[in-house]
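There are 2 protein chains.
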Amino acid sequence: MTQRLVAGLEPPYYTVVFTSVLPGSPEGYAETAARMNELVQDVPGFLGSDSARSPGGIGITVAYFRDTEGLDAWRRNAEHQAAQRHGREHWYESYSVHVAKVERSYGFDRG
Amino acid sequence: MTQRLVAGLEPPYYTVVFTSVLPGSPEGYAETAARMNELVQDVPGFLGSDSARSPGGIGITVAYFRDTEGLDAWRRNAEHQAAQRHGREHWYESYSVHVAKVERSYGFDRG
């Protein structure tokens with residue numbers, strides 16, 4: 002697991018906040034999540050992502066894109082769409098997606 | 002821990018994405034996090050928040066506000082500012098804040 006956060010991006014950029022409730026660790030989920038993380042790297046304008054999941058609880062992934070073209074390309078990706086469909090049918094109790102334009106950002110690093 | 006996600010908000014609204022790296026479970030952190038969660042409920046236009054933390058890893062909190070006035074009130078809150086300062090001095094390895102305007106949102110609920 003990486004401990005490096007996405008940081009230092011210059012606004013404006015876009016973010017997709019994906020929150021989800023997943024009961025336990027369903028079969029195939031981790032492999033699909035890893036594959037999606039690999040696939041999104043090739044989307045033009047993809048800037049990075051951060052993920053966290055409380056054990057047995059809520060998971061949050063935040064992905065960052067330079068522009069709406071990148072967002073749209075990722076949303077339309079056929080393998081991504083198939084994974085979402087499989088997630089609704091087999092994995093998720095619930096999820097929410099918030100697509101937003103980042104107007105301001107800042108950070109802190111002890112290092 | 003709640004398993005209910007914030008859902009069904011009508012865009013436009015604002016979100017503050019707070020990602021952080023916290024080494025272990027430092028003393029006083031959980032109490033301060035609970036207090037901040039209590040305090041933010043009183044901010045006009047606060048719509049809710051979702052949180053997740055991978056054990057020993059990255060934490061993400063996403064808070065939602067109806068307008069920029071709510072964002073500003075929360076940012077200027079004196080007790081919140083003191084907690085942030087204490088967090089920089091004693092707790093966080095790093096953090097990032099992304100303030101964004103939500104343009105589109107949707108969700109799924111099995112229930």
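In order, the protein sequence lines correspond to chains C and L.
Taking this note's numbering, the leading residue of the first sequence gets 2, the next gets one more, and so forth.
Taking this note's numbering, the leading residue of the second sequence gets 2, the next gets one more, and so forth.
Beta carbons: idealized from backbone N, C-alpha and C, even for Gly.
In this text, all values refer to a predicted model and were calculated from it rather than measured experimentally.
Per-residue burial, residue i [other beta carbons within 10 Å of its own, 16 or more giving buried]
i	result
residue 4 of chain C	exposed
residue 88 of chain C	buried
residue 26 of chain L	exposed
residue 113 of chain L	Examination of residue 113 of chain L is not possible in this model, given that chain L is present from 2 through 112 alone.
residue 86 of chain C	exposed
Of the listed residues the options, nearest to residue i (C-alpha basis)
i	options	result
residue 91 of chain C	C:40, C:24, C:14, C:69	C:24
residue 76 of chain L	L:59, L:110, L:105, L:37	L:37
residue 109 of chain L	C:96, C:108, C:9, C:105	C:96
residue 72 of chain C	C:28, C:111, C:98	C:98
residue 58 of chain C	C:21, C:17, C:15	C:21
residue 31 of chain L	L:70, L:74, L:78, L:52	L:52
residue 28 of chain L	L:78, L:48, L:93	L:93
Distance between residue j and residue i (C-alpha atoms, nearest Å)
i	j	result
residue 50 of chain C	residue 7 of chain C	6 angstroms
residue 113 of chain C	residue 102 of chain C	Residue 113 of chain C lies beyond the residue range present for chain C, which begins at 2 and ends at 112; the question has no answer from this structure.
residue 66 of chain C	residue 12 of chain C	11 angstroms
residue 105 of chain L	residue 61 of chain C	17 angstroms
residue 68 of chain C	residue 17 of chain C	11 angstroms
residue 15 of chain L	residue 40 of chain C	28 angstroms
residue 42 of chain L	residue 10 of chain C	29 angstroms
residue 56 of chain L	residue 82 of chain L	26 angstroms
residue 19 of chain C	residue 100 of chain C	9 angstroms
residue 78 of chain C	residue 35 of chain C	16 angstroms
residue 70 of chain C	residue 48 of chain C	13 angstroms
residue 107 of chain C	residue 107 of chain L	27 angstroms
Close beta carbons around residue i, own chain, < 8 angstroms, minus the five adjacent residues each side
i	result
residue 111 of chain L	none
residue 54 of chain C	23, 60, 61
Chain-order list of residues whose beta-carbon lies under 6 angstroms from that of residue i (same chain, five-residue window excluded)
i	result
residue 33 of chain L	84
residue 74 of chain C	44
Cβ shell of residue i (< 7 angstroms), same chain only, five flanking positions each side left out
i	result
residue 80 of chain L	40
Under 7 angstroms, CB to CB, which of the residues in the region 29-48 of chain L have a partner in chain C? none
**OP:** Scan the region 63-93 of chain C for residues whose Cβ lies nearer than 7 angstroms to a Cβ of chain L and list them as they occur along the chain.
**Re:** Within the region 63-93 of chain C, the residues whose Cβ lies closer than 7 angstroms to some Cβ of chain L are 63, 89, 93, listed in chain order.
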